[in-house]
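Worksheet: the structure to be examined is printed underneath.
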Amino acid sequence: MANYFNTLPLREKLNQLGVCDFMDSAEFLDGVSALKGKKLVIVGCGAQGLNQGLNLRDSGLDVSYTLRKEAIEGKRDSWKNATENNFTVGTYEELIPNADVVINLTPDKQHTAVVNAIMPLMKEGATLLYSHGFNIVEEGMQIRKDLTVIMVAPKCPGSEVRAEYVRGFGVPTLIAVHPENDPQGKGLAQAKAYCVGTGGHRAGVLRSSFVAEVKSDLMGEQTILCGLLQTGSILSFDKMVEKGIDAGYASKLVQYGVEVITEALKQGGITAMMDRLSNVAKIKAFEISEELKDIMRPLFQKHQDDIMSGEFSRTMMEDWANGDKNLLKWRAETGETAFEKTPAGDVKIGEQEYFDNYTLMVAFVRAGVELAFETMVQAGIKPESAYYESLHETPLIANTIARKKLFEMNRVISDTAEYGCYLFDQACKPLLADFMKKVDTDLVGKNFNEGKDGAVDNRQLIEVNEAIRSHQVEQIGATLRKAMTAMKAIKTA
Amino acid sequence: MDKPFVYIHDLNLGYRNKAVLKDLYWEMNIGESYAIGGESGTGKTALAKAIAGLVPYQGNIEINFDGQRKLPQEVLYVDSWYQFKNLEGVANFYYQQRYTSLQANDTLTVHAELVNYGKEKGLHLDQVEPILEALGFATFAGSQLIELSSGEHKKLQLVKALWLKPQLLIIDQPYTGLDTASRKNLNVLLDQVAKEGVQLILISNDAELPGSVQSFAEITDGKLVKVAALASSTTEIRLREIPDFLKESPLYSTSDMVKMVNVNISYGEKQVLKNVNWEIKAGEKWLLQGHNGSGKSTLLSLINGDHPQSYANELYLFGNRRGSGESIWDIKQHIGLISPEFHWYFDPTATVWQSVASGFYDTVGLFQHLPYTKSTQVDELLAYFGLTENKNELLSTLPLGKQRLVLLARTIIKNPELLILDEPCQGLDQQQTKYFNQLVDELCSNGMTLIYVGHFESQLPTCIEKRILLEKGEVKVVESLNTEILS
């Protein structure tokens, strides 16, 4: 199978990368009617599968689950999840032939095998739904021409998808229709109805394309979301220990700090995050984040280039074929880092202290979010798509670090994201070696304001504020966040 | 002479710029146990938390522990509210979560929680067994924390306290959510630990206290005053006139509100409801009773569209078979519901006004703009409940009793056909309870259908005419009542 994106002429590449429409709530007035009475069959019953299915059924739709024979016969967890919540469960052969919509919620790596198994069983004119476009775009999976192919991707973990639905809200969602597979022109109506069924229409829906989703998703997860958070966490911890800060304190500051800091990001963007610092600290964080952007820009660009050319997925798929040799090796190495092995100390760290004593992370986050956003936009991805895959998701990933450190983050994210994260981390650490030599405990571990009188130059402060606030990610973010104001704070610390 | 066990002088404590405790002076002698009563909002909880060192205060609080006594030299405060986290340390849960079957364990089991607690406090597990038995909690050892109802969480808190036996044990609202039998057993257990040397402070207006509690006090004008007995308020309350929009009789599209035919609910091996049959006709007023853990909440969750297993049962709601294409929002629009669990899971970021307004849409938190008529109705109802001055405050910052009033207002705001009140008055004082029950009577006189859950027969609205009793998931009694039986 050939990389789908690379088969397209440049004109069409740009066309598909540029699909981006933040949809008005009036577009969802038809509710779930496009799927009413249709048979929805979900493949896989993990966290996304189960929770999306519960929502769809509670919206009045007909949902059942199909699992592999072995999962049913072995009464695996996925089988129990589905049957104990009173869903019908059957084999591919039993359920797929009657399905109007087949929803593929299995991991990326299994997509080719799963789709090859179900496609021959699907009835003429049915719909295949993905929540990620990797299989179509990077692997170039060809879907039968009579079938409609759509994507609905809730931008939150499965548990949140359910929690927000039952309280009467939803999670931000991305939808797309594959232009090669929309023979009846019903793809968009069905994708919208699916969105209403899962509650996503209340929290902001972005219409995208398979191509734009994949190219931006890969970029975001490799760089700011997972890659830089991992690099920044490890470097910060090591620096504090090197400078004699108590290891338990350092471990706790790093584990929970990124969550507390990015909660401000979620509520009010980079502006709100930077505003949590004192004026002196803000100016300092601004300066070092500018420096960090200059140092890391070539690396961000390389990642984006490799994603666009298909080089990234080619090497990763080689590793799949190789039994995940590299992935498993890098995963083991991450488990061996000092940060990972040092438990968080039994010390109380106040909410503001996470900002004051961890100015370095604020700088890392600003640099990473802005760079990822800028690089994506320069590559032809629209600002709204770039926002979702950079700023929007950062707090969600930070939350996984707060739960159980990097190991947990890498367990929760997809293998694809994890693979890209390690690639970035390995290249980024040496790049930052000189920069880190200059970093002292005022930036990480101790209160930056200590021993300073707090005075700043008015004009400098105004300029810094202006630079932060006028960045495009802030302007687009302000608009998009309005649609999701009701999102709940996730708190661990 | 011995120093008093607790010695407080010049205690001052404010709550949001308002002085609550003023120059409070108090001595509690060795061997004494107290009940502290009085109206809600007088500062009882604040005082208790100050004694336990949980809130900042000005002045002096001395606890003179007895080095001779073997019991831990510790003050334990048992909150009237409970907290738990999932295995990943996150305390974000949602109301319906405990009805969903999920293989991966989200929270610790009761047993694991007790093992952890015992380890932390150096206690032996064999000593907790009799307490679990006495409170009827032993069967919950394998249950996850998320599966527990509010009454069961209360029991878990009490089990820990009675196991630890600290020299000073302060329990805020010890009886909240407990059924009658558990209350009696709790008093026996409290007397036992008192005999072993635990001194008690119970914050409660309840009449049936353990025998070891012989001293009483109330907070008046920021000072703790010893009284001969806790006064049960006898003042007659007159109901204000209810807002006009609540006087309209519901328009029923069918007289069959609820019909359950041999309903069964189970989680793995554990069966929670067994062959339940129940029919509710429009306008009927039901009392639903049963011990803690008898299946009441699960039964109500079926009616409110909150239970995933309703789809496999023969259940009819408002004339339609469940699972025939309706959404849970179609169901909820007929219903106004409140329960202790619903309160616990409610959105802490909503203001009082938003919380009440969200009742129009059955959402937890407000996600849309209210049209003018609806928004006026919210204002009217807030005024009716005396909550106007709190309308822009965050719900979660109000005292629990007030929070409960707000959610009660939310429950009736849309003048629903079916009112489900699951222990609605938990956390309210007697006056507020009486007041609310009179309101329920008035609403019901206009034809509203009611399901009321309450353990205390003295605290029920008078309109109730039918009773269903659950025992271990089975219907034991369905009967019509004349009001005499209840009084």
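Residue numbers (the numbering used here), protein chains in the order written: chain F, 1131 to 1623; chain H, 13 to 499.
Here a beta-carbon is modelled for each residue, glycine too, at the ideal position from N, C-alpha and C.
Because the structure is a prediction, the values reported are computed rather than measured.
Query                                                                                                                                                                             : Result
Does chain H have any CB closer than 7 Å to the CB of F/Val1410?                                                                                                                  : no
List the whole-angstrom C-beta distance separating F/Cys1325 from F/Val1335, where the pair is believed to meet the contact cut-off of C-beta under 8 Å.                          : 6 Å
When Cβ atoms are compared, which residues of the stretch 375-407 of chain H fall closer than 7 Å to chain F?                                                                     : Thr375, Val376, Gly377, Phe379
Please determine, among F/Asn1540, F/Ser1439, F/Ala1502, the residue with the shortest C-alpha to C-alpha distance to F/Thr1137.                                                  : F/Ser1439
Is the beta carbon of F/Ala1164 less than 7 Å from the beta carbon of F/Ala1319?                                                                                                  : yes
Give me, in chain order, the residues of the same chain whose beta-carbon lies closer than 7 Å to that of F/Asn1185; leave out the 5 immediate sequence neighbours on both sides. : Val1291, Arg1292, Tyr1295, Gly1327, Thr1328, Gly1329
Is the stretch 391-400 of chain H close to the stretch 421-441 of chain H, with three or more CB pairs under 8 Å?                                                                 : yes
If you scan the stretch 337-393 of chain H from start to end, which runs of the beta strand (DSSP E) of 3 or more residues do you find wholly inside it?                          : 347-350
Where does H/Arg252 sit, in a helix, a strand or coil, going by DSSP?                                                                                                             : coil
Flag H/Tyr106 as yes if its beta-carbon sits less than 7 Å from any beta-carbon of chain F, otherwise no.                                                                         : yes
Measuring alpha carbon to alpha carbon, tell me which of F/Thr1236, F/Asp1424, F/Thr1401, F/Leu1235 ends up nearest F/Val1603.                                                    : F/Thr1401
Start and end of the beta strand (DSSP E) containing H/Ile213?                                                                                                                    : 211-215
Can you tell me where the alpha helix (DSSP H) holding F/Val1384 begins and where it ends?                                                                                        : 1377-1405
Measuring CA to CA, which of H/Gly234, H/Leu160, H/Ile432, H/Gln179 is closest to H/Tyr89?                                                                                        : H/Gln179
Give the range of the alpha helix (DSSP H) segment to which H/Trp93 is assigned.                                                                                                  : Where H/Trp93 is concerned, there is no enclosing alpha helix (DSSP H), given that its DSSP letter is neither H nor E.
Quick one: what does DSSP say H/Val140 is sitting in, helix, strand or coil?                                                                                                      : coil
Could you please give the first and the last residue of the uninterrupted beta strand (DSSP E) stretch that includes F/Gly1357?                                                   : Element bounds for F/Gly1357: n/a, residue is neither H nor E.
Which residue spans inside the stretch 414-486 of chain H form an unbroken beta strand (DSSP E) run of at least 3?                                                                : 430-434, 461-465, 478-483
Give the secondary structure of H/Lys308 by DSSP, where H, G and I count as helix, E and B as strand, and everything else as coil.                                                : helix
Let me know if H/Val7 comes out buried or exposed under the rule of 16 or more other beta-carbons within 10 Å of its beta-carbon.                                                 : What the structure shows of chain H is the stretch from 13 to 499, and residue 7 of chain H is not part of that stretch, so it cannot be assessed.
If you follow the beta strand (DSSP E) that F/Leu1170 is part of, which residue opens it and which one closes it?                                                                 : 1169-1173
May I have the straight-line CA-CA distance separating F/Lys1455 from F/Thr1196, to the nearest angstrom?                                                                         : 31 Å
At a Cβ threshold of 7 Å, is F/Glu1214 touching chain H?                                                                                                                          : yes
Quick one: list the residues of chain H neighbouring F/Asp1154, beta-carbon separation under 9 Å, in chain order.                                                                 : By Cβ distance, chain H contributes nothing, its closest Cβ being about 15 Å from F/Asp1154, past 9 Å.
Let me know if F/Pro1080 comes out buried or exposed under the rule of 16 or more other beta-carbons within 10 Å of its beta-carbon.                                              : The requested residue 1080 of chain F is not part of the displayed model; chain F covers only 1131 to 1623.
Determine the extent of the alpha helix (DSSP H) in which F/Glu1214 is found, giving its start and end residues.                                                                  : 1207-1214
Three-state secondary structure (DSSP) at F/Arg1337?                                                                                                                              : strand
If you compare alpha carbons, which of F/Asn1216, F/Glu1200, F/Trp1209 is closest to F/Val1193?                                                                                   : F/Asn1216
With respect to the beta strand (DSSP E) encompassing H/His303, which residues constitute its N-terminal and C-terminal limits?                                                   : H/His303 -> no beta strand (DSSP E), and no H or E assigned at all.
Would you identify the three-state DSSP class for H/Ser492, choosing helix, strand or coil?                                                                                       : strand
At a CB-CB cut-off below 7 Å, which residues of chain H make contact with F/Arg1187?                                                                                              : Tyr323
At which residues does the beta strand (DSSP E) containing H/Gln283 begin and terminate?                                                                                          : 282-293
Can you tell me the Cα-Cα spacing of H/Gln471 and H/Asn287, whole angstroms?                                                                                                      : 30 Å
Would you report the Cα separation of H/Ser15 and H/Asn76, rounded to the nearest angstrom?                                                                                       : A small fix is needed here, since residue 15 of chain H is Lys in this sequence, not Ser. Each residue's alpha carbon lies about 7 Å from the other.
Which residue comes first and which comes last in the beta strand (DSSP E) that contains H/Phe228?                                                                                : 227-232
Could you tell me if H/Pro436 is buried or exposed, where buried requires 16 or more neighbouring beta carbons within 10 angstroms of its beta carbon?                            : buried
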